[in-house]
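So the sequence lines, in the order shown, correspond to chains A and B. When we follow the numbering used here, the leftmost residue of the first sequence carries the number 13, and every step to the right adds one. When we follow the numbering used here, the leftmost residue of the second sequence carries the number 139, and every step to the right adds one. In this text, a Cβ means the ideal position worked out from N, Cα and C, and glycines have one as well.
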Amino acid sequence: AQTIHQWPVAEIKAVGSPLSLGCTIKGKSSPNLYWYWQATGGTLQQLFYSITVGQVESVVQLNLSASRPKDDQFILSTEKLLLSHSGFYLCAWHPSAETLYFGSGTRLTVL
Amino acid sequence: QQNVQQSPESLIVPEGARTSLNCTFSDSASQYFWWYRQHSGKAPKALMSIFSNGEKEEGRFTIHLNKASLHFSLHIRDSQPSDSALYLCAVRGRNMGYKLTFGTGTSLLVDP
């Protein structure tokens, strides 16, 4: 069975500080991976997707970047956090059936 | 650019009631439709999907899709307190690649 793991579970960071969030998926080779962002109680906004190692497509510009250094790993980062970056970050993947499966998420608070 | 709207924004129903949630989309070429449920503080989880016009039932949940009306809905029979959550509809268009567009969400509270 495939498992998706996100880290850290939560972060409290200062404006202007750097950030790195991670996601790994086990049990599936060459998965399509996605990063989503959700403001509190709001809709899910797709940020990035990747279909293979070293390839990442940006969907929206939020002063964030993403990388796929390994087949099973997807990293979201920024060098300078903004207040508007606060929210819930979710990594996701989908098998051929199209349905998205989400990791447990990282709650980010920027102060 | 796909625009997906949900109604109502929030809903309170008594336990045992039938609940209806609505989702409208703007791209008539859309092909794939889902409902996701998100309990407070947790990640969203796919509830049901439908890929062709009509109705699909799974237990207490029914999806109805009408592509001509750009509308699909989720109906919950015998609503339970455990159904209290944020419900998000999601749509993918025929030529939208890997982009899934989520709706604005409906917050449901089932009052025991």
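Chain B contact residues for residue i, given Cβ-Cβ distances below 8 Å
i	result
residue 54 of chain A	242 and 243
residue 14 of chain A	In chain order: nothing, as chain B lies at least about 14 Å away.
residue 102 of chain A	181 and 182
Minimum C-alpha distance to residue i - residue among the options
i	options	result
residue 113 of chain A	A:72, A:104 and A:119	A:104
residue 179 of chain B	B:224, B:230 and B:238	B:224
residue 278 of chain B	B:216, B:205 and B:161	For residue 278 of chain B there is no data in the structure shown, the boundaries of chain B being 139 and 250.
residue 249 of chain B	B:156, B:144, B:231 and B:146	B:156
residue 143 of chain B	A:19, A:24, A:54 and A:78	A:54
Assigned exposure category for residue i - 16 Cβ within 10 Å defines buried
i	result
residue 60 of chain A	buried
residue 115 of chain A	buried
residue 150 of chain B	exposed
residue 239 of chain B	buried
Neighbouring residues, chain A, relative to residue i (Cβ below 7 Å)
i	result
residue 187 of chain B	111
residue 172 of chain B	111
residue 238 of chain B	58 and 112
Under 7 Å by beta carbon: chain B residues contacting residue i
i	result
residue 65 of chain A	The premise fails here: residue 65 of chain A is roughly 16 Å from chain B at the closest Cβ pair, so nothing lies under 7 Å.
residue 117 of chain A	181
residue 75 of chain A	Result: empty, since nearest Cβ-Cβ is about 20 Å, beyond 7 Å.
8 Å contact criterion, which residue i and residue j should meet: CB distance rounded
i	j	result
residue 102 of chain A	residue 90 of chain A	So it is not a contact: roughly 16 Å between Cβ atoms.
residue 189 of chain B	residue 170 of chain B	6 Å
residue 201 of chain B	residue 173 of chain B	6 Å
residue 181 of chain B	residue 117 of chain A	5 Å
residue 163 of chain B	residue 140 of chain B	6 Å
Chain-order list of residues whose beta-carbon lies under 7 Å from that of residue i (same chain, five-residue window excluded)
i	result
residue 98 of chain A	120, 121 and 122
Residues near residue i in its chain [Cβ-Cβ closer than 8 Å; skip 5 each side]
i	result
residue 26 of chain A	93, 122 and 123
residue 58 of chain A	46, 47, 48, 71 and 72
Contact set between residue i and chain A, taken where Cβ atoms lie within less than 8 Å
i	result
residue 184 of chain B	111, 112 and 113
residue 226 of chain B	55 and 56
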